[in-house]
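For the protein sequence lines, the chains are A and B, in the order given.
Heads up: the first sequence is residues 5 to 333, going by our numbering.
Heads up: the second sequence is residues 5 to 333, going by our numbering.
Remarks on the structure that follows.
Number of protein chains: 2
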Amino acid sequence: MLPYFEEFRKQFDPFLEKQFSENLPVTLYEPVQYLMKLGGKRLRPYSLWLAAYCYDNSKSTMAVQAAYALELFHAFTLVHDDIMDEAPLRRGKPTVHAAFNMNKAILSGDAMMVHCMDYLLNGYSDALALGLSRELAKTAIGVCQGQQLDMDFAERQEVSLSEYIQMIEAKTAILLGSAFRMGAMIGGANSTDQESLYIYGKETGIAFQIQDDFLDAFGGDAFGKQEGGDILQNKKTFLYLKGIELCPPDQLPGYLKAYNRTVSNEEEAKEKIAEIKSLWTEWGVGEATVAYLRLLEKSAHGALDQINLPAETSSFIRELGDALVWRLT
Amino acid sequence: MLPYFEEFRKQFDPFLEKQFSENLPVTLYEPVQYLMKLGGKRLRPYSLWLAAYCYDNSKSTMAVQAAYALELFHAFTLVHDDIMDEAPLRRGKPTVHAAFNMNKAILSGDAMMVHCMDYLLNGYSDALALGLSRELAKTAIGVCQGQQLDMDFAERQEVSLSEYIQMIEAKTAILLGSAFRMGAMIGGANSTDQESLYIYGKETGIAFQIQDDFLDAFGGDAFGKQEGGDILQNKKTFLYLKGIELCPPDQLPGYLKAYNRTVSNEEEAKEKIAEIKSLWTEWGVGEATVAYLRLLEKSAHGALDQINLPAETSSFIRELGDALVWRLT
Chain A
5 MLPYFEEFRK QFDPFLEKQF SENLPVTLYE PVQYLMKLGG KRLRPYSLWL AAYCYDNSKS
65 TMAVQAAYAL ELFHAFTLVH DDIMDEAPLR RGKPTVHAAF NMNKAILSGD AMMVHCMDYL
125 LNGYSDALAL GLSRELAKTA IGVCQGQQLD MDFAERQEVS LSEYIQMIEA KTAILLGSAF
185 RMGAMIGGAN STDQESLYIY GKETGIAFQI QDDFLDAFGG DAFGKQEGGD ILQNKKTFLY
245 LKGIELCPPD QLPGYLKAYN RTVSNEEEAK EKIAEIKSLW TEWGVGEATV AYLRLLEKSA
305 HGALDQINLP AETSSFIREL GDALVWRLT
Chain B
5 MLPYFEEFRK QFDPFLEKQF SENLPVTLYE PVQYLMKLGG KRLRPYSLWL AAYCYDNSKS
65 TMAVQAAYAL ELFHAFTLVH DDIMDEAPLR RGKPTVHAAF NMNKAILSGD AMMVHCMDYL
125 LNGYSDALAL GLSRELAKTA IGVCQGQQLD MDFAERQEVS LSEYIQMIEA KTAILLGSAF
185 RMGAMIGGAN STDQESLYIY GKETGIAFQI QDDFLDAFGG DAFGKQEGGD ILQNKKTFLY
245 LKGIELCPPD QLPGYLKAYN RTVSNEEEAK EKIAEIKSLW TEWGVGEATV AYLRLLEKSA
305 HGALDQINLP AETSSFIREL GDALVWRLT
């Protein structure tokens, strides 16, 4: 069980339940409520809340509004990304543009973003409101840039591993970093601790994405996803790019052709997955990926070791990261 | 000539020119630059700048960044609205989703919004940054709600005149009010003056929209629009709704049918416009619209008379509103 997760949910869920239930026009806020109530791990709001709790547990109630704002920001990115990806499902339910329509998805996404800023700007002391809003604005810019890079990469032939890492850092990892920093701000941490926690969250976030790529190929179907789904979609994942780095030069053209081919039936699909995975095994792509994750883990834990909290308290934050990524691979 | 408009452009244009020229990824910022450089009246940034100038002309340089942020916010609403309206042209050039594609229009619009917040949150004193950002967030929520109401009204059969005014107030007028309030904040006006200027801008903004409806029917083609365009599109304008109020009850079904019919050739179009305009003339719809504009003018000028500026200075602000709306009808 994640540390204090029950307590977090006891504070967070009723708050979430109350929001937007009476805002007008109903047509604007229905999609917001729909998406926010679809569930999800609540990873970002929980991280924010836990950081605040660790520094000053009396501030956890106060952290709920910012935690909610961050989940709202995350929801805004999901609803717009789902339009761009033409995704029909989110958490097993129709995406907002599928359940309502595209115009409502665009506009309710916009509303989520501006309400997020409004929640951060109001309901805190002036100094805290400014700190939280500036953090969110900076991160939001990064997230937009990361999403654009992701779309650009899908169209480009060559993408380097460092570009890929830069993209996942911007698109998803800095938001987790910001969640920890904002929680630390609310809990009253000094700015050195805030920065350390930001790094901890960011490195954990990068690792989380790379792990996601790894588990897609080597995780079996224990995680509810079809094994090899990324391979079938020719996705430029960490493993694919690591494969380009590690494959013998004379095998490169064959590898690129094999990976980027389209399959037309289940048999071909099985064949493609088996072929790519056997190449990766031959070249040590899996081991190299795990080794990279270990480096990130060291960097994340190194940052966490710097903070001025008693070890028994900072262990709660360590526990969260461990459950999320470090313990799985 | 608008007061100090040249001076405003001398400060604003070079600032605009510099922004985003080096931001990465290029693919995200190309549409931003494209839209910002399409031109436009620069009404909102100029209003903000002029208000700051009137209170303290030494602050006008400082006002440029907030003025730019506001134009960026306006551009964000345009690019997303154009997708929702499936509009092919904006200021005579292809809209962003037409010139680039829909995904870029969604994402670059998002980027405009978050950069707008970032410009307001950074580059000002803490107190000013908070004031400006809170004003923008509040107004942005209203603008989203107004856009949703506008879409809802297009699908609804019955819309009252007061609902229509509430919609244009939220969708466009409060942003002009905020422009004046933000300029007043930067110029150092007290909060009473800020509120008076907000009301002045808001009432002027409402009048501007109603005037737009009026000129579409009765303005000839002097304003570059085809006369009667709203009538041909069966748009629920101020005049249409005023017509419902003023028409004799027994003529109402005929009026609704006549207005909401679709025309299939130029002759029918001419006929429809002539018929509707003759009904409006018979019922005094034009006069009633102008009378309503006079009421708004009184309220706007009444608010402006309250501010603590010498008459010769506040006359610049009066001049701007007069040029925009009060002198045209």
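Every residue gets a Cβ at the ideal spot worked out from N, C-alpha and C, and that includes glycine.
Keep in mind the model is a prediction, meaning the values are calculated, not measured.
Locate the alpha helix (DSSP H) running through residue i, then write down its first and last residues.
| i | result |
| --- | --- |
| B/Q237 | Taken as a continuous stretch (DSSP letters only), B/Q237 belongs to no alpha helix (DSSP H), as it is neither H nor E. |
| A/L328 | Taken as a continuous stretch (DSSP letters only), A/L328 belongs to no alpha helix (DSSP H), as it is neither H nor E. |
| B/Y168 | L165 to I172 |
| B/F80 | S64 to M88 |
| B/N107 | M106 to L125 |
| A/F212 | S195 to F222 |
| B/K142 | D130 to E159 |
| B/L28 | Premise fails: B/L28 is in no alpha helix (DSSP H) and is neither H nor E. |
| A/P49 | L47 to Y59 |
| B/L179 | I178 to G191 |
| A/K302 | V289 to D309 |
| A/P18 | F9 to K22 |
On the three-state DSSP scale, how would you describe residue i?
| i | result |
| --- | --- |
| B/L93 | strand |
| B/E98 | Checking the sequence shown, residue 98 of chain B turns out to be Pro, not Glu. Here B/P98 sits in strand by DSSP. |
| B/T266 | coil |
| B/C251 | coil |
| B/M40 | helix |
| B/G233 | helix |
| A/L260 | helix |
| B/P314 | coil |
| A/L6 | coil |
| A/E271 | helix |
| B/E162 | coil |
Give me the Cβ distance between residue i and residue j, rounded to the nearest whole Å; I'm assuming they're in contact under 8 Å.
| i | j | result |
| --- | --- | --- |
| B/V100 | B/L39 | 6 Å |
| B/Y59 | B/A183 | Actually they are not in contact, since the Cβ atoms of B/Y59 and B/A183 sit about 14 Å apart, beyond 8 Å. |
| A/A55 | A/I321 | 7 Å |
| A/D154 | A/M171 | 6 Å |
| B/T176 | B/Q213 | 6 Å |
| A/F19 | A/V68 | 5 Å |
| B/G209 | B/G187 | Not a contact, Cβ separation roughly 15 Å. |
| B/R138 | A/N126 | 7 Å |
| A/A1 | A/E301 | It is not possible to answer for residue 1 of chain A, since the shown part of chain A is limited to 5 through 333. |
| B/R95 | B/G43 | 6 Å |
| A/G135 | A/M189 | 5 Å |
| B/Y202 | B/G325 | 13 Å between Cβ atoms; not a contact. |
| B/A109 | B/P35 | 7 Å |
Can you pull the chain A neighbours of residue i, defined as C-beta to C-beta under 7 Å?
| i | result |
| --- | --- |
| B/I110 | H84, I87, M88 and I110 |
| B/Q151 | L111 |
| B/H78 | By Cβ distance, chain A contributes nothing, its closest Cβ being about 13 Å from B/H78, past 7 Å. |
| B/R138 | L125 and N126 |
Just the chain B side, please: which residues come within less than 7 Å of residue i by C-beta, in chain order?
| i | result |
| --- | --- |
| A/H119 | I145 |
| A/N107 | M88 and M155 |
| A/L32 | C148, Q149 and Q152 |
| A/A304 | Those within 7 Å of A/A304 in chain B number zero; the least Cβ separation is about 26 Å. |
Residue i versus chain A: which residues are under 9 Å apart at the beta carbon?
| i | result |
| --- | --- |
| B/L134 | L125, D130, A133, L134 and S137 |
| B/D216 | Chain A residues near B/D216: none, gap ~22 Å exceeds 9 Å. |
At 8 Å on the CB atoms, spell out the chain A contacts of residue i, in chain order.
| i | result |
| --- | --- |
| B/P29 | Q149, Q152, L153 and D156 |
| B/Y165 | Inspection of the sequence shows that residue 165 of chain B is occupied by Leu rather than by Tyr. Near B/L165 there are no residues of chain A at all, since even the closest Cβ is about 18 Å away, more than 8 Å. |
| B/A295 | Simply none; closest approach about 29 Å. |
Check the Cβ of residue i against every Cβ in chain B and list those closer than 8 Å, keeping chain order.
| i | result |
| --- | --- |
| A/A177 | The premise fails here: A/A177 is roughly 17 Å from chain B at the closest Cβ pair, so nothing lies under 8 Å. |
| A/K142 | D122 |
Which chain B residues are close to residue i, counting only those with a beta carbon under 9 Å from its beta carbon?
| i | result |
| --- | --- |
| A/L313 | Here the premise fails: no neighbours, minimum Cβ distance about 28 Å. |
| A/A103 | Simply none; closest approach about 16 Å. |
| A/A183 | Simply none; closest approach about 17 Å. |
Please determine if the stretch 65 to 80 of chain B and the stretch 43 to 57 of chain B are in contact, where contact requires at least 3 C-beta pairs separated by less than 8 Å. Taking 8 Å as the limit for Cβ pairs, the verdict is that the stretch 43 to 57 of chain B does touch the stretch 65 to 80 of chain B.
So does the stretch 157 to 167 of chain A actually touch the stretch 124 to 139 of chain B, counting three or more Cβ pairs closer than 8 Å? no
Below 8 Å, can you find three or more Cβ-Cβ pairs linking the stretch 14 to 23 of chain B to the stretch 234 to 251 of chain A? no
Assess contact between the stretch 141 to 150 of chain B and the stretch 108 to 127 of chain A, defined as three or more Cβ pairs (one per stretch) separated by less than 8 Å. Is contact present? yes
Is there contact here, the stretch 240 to 256 of chain B with the stretch 278 to 293 of chain B, by at least three beta-carbon pairs under 8 Å? yes
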